[in-house]
Every structure is written in C-alpha cells, then in structure tokens.
Ligand SMILES: Cc1cc2nc3c(=O)[nH]c(=O)nc-3n(C[C@H](O)[C@H](O)[C@H](O)COP(=O)(O)OP(=O)(O)OC[C@H]3O[C@@H](n4cnc5c(N)ncnc54)[C@H](O)[C@@H]3O)c2cc1C
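Residue numbers (the numbering used here): 50 to 485.
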C-alpha cells in the first residue's frame, strides 16, 4: 500500500514524489495522460526554485540544459529596437548562488525530474487517472480509471488547472478572468529569425505577439492572441516576422485567469500546483509556485508519517495559500505592464513564512528572522550550506556568537536558539559549524 498517492505527474507532482521518495516514503504516481508533456510552456525557472532543486541535486542539470533570458527586441513594422530583458544577468554571490531566471523548456524540466524519480526507484503510471475518492479519518481510497481501488495514508492532488480531484472534493476555484482573449502558445521553427533576441511585436490595440528563442534548440516559443492563427498558425507567424515557418512542434491554447481555491486540504487530501492556483503566465510564477508547494508539503507529509502526528500538516495551507494569493495579484499586475522590471519582484527569494505557526519567534540574527529563506553560506569546514542541506532533514548552524540557526528541511529558518537540538518534527537535525 502506498503511503502517498500522487495524482498528476506534472512538475508539481514529480517534485513532491522526489521529496517523498528520497526520504523513504512509499509513493504511487498516476497520470491520466497517455504520453509525457511535450511543450515548452512553463519555461522560466526562478532563482528560488533553482536553490530548492539544488537541494535535490538537480540545479546544475537544469542550469546546464537551459540559458539566461535574452534581451527583447521590439518590432514596430520594419524598425527593431533593442529593449530590456525579462531576466537578470547577475554574477553569483555566496548568499545567492543562482541569482538569475533560467529559461528551460517545461518538457525538459519534467524530463530531469522524471529521471530523478527513476533514480530514486519511483515509477510514473501513465494512462491512469482518478475517477472517485472516498476517505475516513485513517485513510483515503481512490478509484482509478482502470478500475483499481488504491488505498493510501494521504493523497496529493497535483492534477493541474482543471483538476478532477478538486472537483471530487467539491472545491471550486474563486477569482476572475483577467483578459477575455484566448491566447496561443506554440513551439515553432522559423527560418532565419535572429536567435540572439526575444522578438516582441506590440499590437496597436494593446497586447503583444512574442517569440522567445528556446535554449539548445532550433525552436521559438510563440505567445500571442489566438487571432494570429485565424488563417493558419504558420501563415500568421510568417505575416508577423516575414520569415518562413519550417515546422510547428507543439501548440496549445490558454486563457488568462486569476483563480484559486480557499482550502488546500480536505481531510487526508492535499492540493498543490495549478490544481490550487491558476494565473497569467506573466512573471513566470506558475510552475515555480507549484514546485514550492511541493517542497513545502513534502517534508511535512514525511513528518506526519514518521511521527503519526498530523498536526504539522495544518501549516501547509497556512503557509502556501497566502503565497498563492500574492502571486495572483502580482501576475495580474504584470499581465498589464510588460515593461515592469521583474528581478526581485518575481525571483521568489524574498518569500518568507514569518509569523506563521512554525515561525512565531521574532528574534533576528543579521536581519534573518524565523520563517525567512536561509541564504547560502560557506561553512567553517569549507562546504556550502545548500550542499549540506541535501541530506533531507533539518540543519542547525552553530554560530560562534552562540546563536544556533535551525533550518527546516525546505530551507527556511525555523528558530534561533542557544541550545542544540537533535530532531525537528520527526526529521534528524544535522549540526554544522557556521563560518568563523
Ligand atoms: C503560456 C504559458 C507560459 C507559462 N510560463 C511559465 C513560466 O515561464 N514559469 C512558470 O513557473 N510557469 C509558467 N507557466 C505555468 C506552468 O506551465 C504551470 O504552472 C505548470 O505546468 C503547473 O504544473 P502542475 O504540475 O501543477 O500542473 P500540470 O503541468 O498541468 O500537470 C498536471 C498533470 O496532471 C495530469 N492529470 C490531469 N487530470 C488527471 C487525472 N484525472 N488523473 C491523473 N492525472 C491527471 C495531467 O495529465 C498533467 O500531467 C506558463 C503557462 C502558460 C500557459
């Protein structure tokens, strides 16, 4: 019997699977799709996601497969003007080893996550969806589309924006449509279009057609109102760029909505990623917020399973729901202002759970308070903190000034104290000496 059944093997479900598998939890992962996702869609990976991916040993592969965001070239008829970049190009520092937004096709990010799951002994079952769900206070039973009934301690609904699991739980998305227009996203090969730039073609009536060169590929990602494809997608893009479209590798349509649920948990079922929150793609937040949901939920499920005490699970909704609400507001604003600089606004490095149940204390050390992201740092033995945190438990940084910083398994500060502790909500605490 799996301890956790994960419904949906997108980036959120797979990240959660990694967080559970690497800590020895028995997991089953089902996905209704017949084949793996093949599009570039969620291509912007934020600095905080890279830090968390570093904790599971995947940041260097993501960085090596992707690239930095190029400069935008604005096209007004025959005139092209070099403008700004939506990403930053900062040098790494000791506390911010991954300072920049990285562009990587979503299918490739998912491929990297899948390989990690396989390395941890996990397996994704394709072509198997959720059909029904029933729960008691001890377990959840899910009926799958193949007729099988699976009983698990917990279920994670990571089944995307349309989330059938959300429907089975009777939860609704609340919010609004940001833009009445349907948009198209597609991966295209375009003859001779300069790959040094992200090409943007502002529309007179507002909005934009954009063609972003995808890393390590011949393809561009198109985002545009769907009217571009009225006479055929190739024709529309050829009219826009004056270049021949050689092939269309993938395409999909989407609507700009800002909606979320008002509960992240129903009994033993937890909702994460797009199943819990959907919003415009501006600012590259969706997949990244799903990853953070998964990193937050993962170690807490492990705690509940190991200790038999589920109270920690209440902090998942308490911490993550306000983050999603803020992301909805931010992306609505960015959707209307393409020129607004991103950087610190969107890199998710400033995210904090200050004041929550797991961060009541307001003591500060070097400006760092419980709930805050703990920056990377060089330890007394020369190792990097983020490297050490790969062990999967909590970490206590023993500082020379006798302030010991207890870091949660997902990299946020739990508490500042003067005593050494050996466990944190069922996770081992590894002590390390801070830089002298
Ligand atoms: C144009 C565009 C650009 C974007 N750009 C960015 C970006 O730059 N950065 C960013 O962070 N985000 C971006 N996003 C958002 C990002 O693509 C999503 O937030 C991300 O895919 C969410 O991941 P997820 O795993 O939660 O859901 P999904 O990727 O939707 O995965 C859900 C999975 O659940 C499966 N499923 C569905 N129903 C069932 C069922 N009944 N049973 C079992 N499985 C089921 C599906 O097959 C799917 O594999 C963009 C989105 C769009 C539309």
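Virtual Cβ for every residue (Gly too), placed ideally from N, Cα, C. Bear in mind the structure is a predicted one, so any value in this text is a computation, not a measurement.
Within the same chain, 401, 462 come within 6 Å of residue 421 by CB-CB distance, once the 5 residues on both sides are set aside. For residue 461, the shortest separation between its Cβ and any heavy atom of ligand 1 does not lie below 6 Å. In the same chain as residue 414, and ignoring 5 residues on each side of it, the C-beta atoms closer than 7 Å to its own belong to 452, 454, 465, in chain order. Counting only residues of its own chain and dropping the five nearest sequence neighbours on each side, residue 162 has a CB closer than 6 Å to the CB of 63. Contact check for residue 183 against residue 190 passes: the beta carbons are separated by less than 7 Å.
Residue state for residue 371 is assigned as helix, using DSSP reduced to three classes. Check the Cα spacing between residue 477 and each of 446, 442, 325: the tightest is with 442. For residue 228 and residue 303, the gap between their C-alpha atoms comes out near 11 Å. Across the set 318, 88, 262, the C-alpha of 88 shows the shortest separation from the C-alpha of residue 235. Three or more beta-carbon pairs separated by less than 8 Å link the stretch 294-313 to the stretch 204-223, which places the two stretches in contact.
In the DSSP secondary-structure assignment, residue 299 is bridged to 236.
When DSSP reads this structure, residue 221 sits in no beta bridge, so it has no partner. The alpha-carbon separation between residue 155 and residue 212 amounts to approximately 19 Å.
Residue 480 is not a Cβ neighbour of residue 426, given a cutoff of 7 Å. Within a 10 Å sphere around the beta-carbon of residue 197 sit fewer than 16 other beta-carbons, which makes this residue exposed. Here residue 438 carries a helix assignment [DSSP, helix/strand/coil].
Bridge pairing for residue 125: 128 [DSSP].
For residue 455, there is no enclosing alpha helix (DSSP H); the enclosing beta strand (DSSP E) has its first and last residue at 453-456. Going by DSSP, residue 201 is part of no alpha helix (DSSP H) but of the beta strand (DSSP E) stretching over 198-201. Annotated three-state conformation of residue 335 is helix, per DSSP. Here the alpha carbons of residue 447 and residue 404 stand approximately 23 Å from one another. Around the Cβ of residue 130, a 10 Å sphere holds fewer than 16 other Cβ atoms; the residue is exposed. Distance from the CA of residue 433 to the CA of residue 123, rounded to the nearest whole angstrom, comes to 41 Å. A residue is called buried once 16 or more other Cβ atoms fall within 10 Å of its Cβ, and residue 378, having fewer, is exposed. Residue ranges of uninterrupted alpha helix (DSSP H) with 4 or more members, entirely inside the stretch 86-159 and ordered along the chain, are 96-104, 108-114.
Residues of the same chain with a CB within less than 7 Å of the CB of residue 111, apart from the 5 flanking positions on each side, are 94, 99, 102, 151, 153, 158, 161 in chain order. Following the DSSP letters along the chain, one finds residue 67 inside the alpha helix (DSSP H) bounded by residues 60-70.
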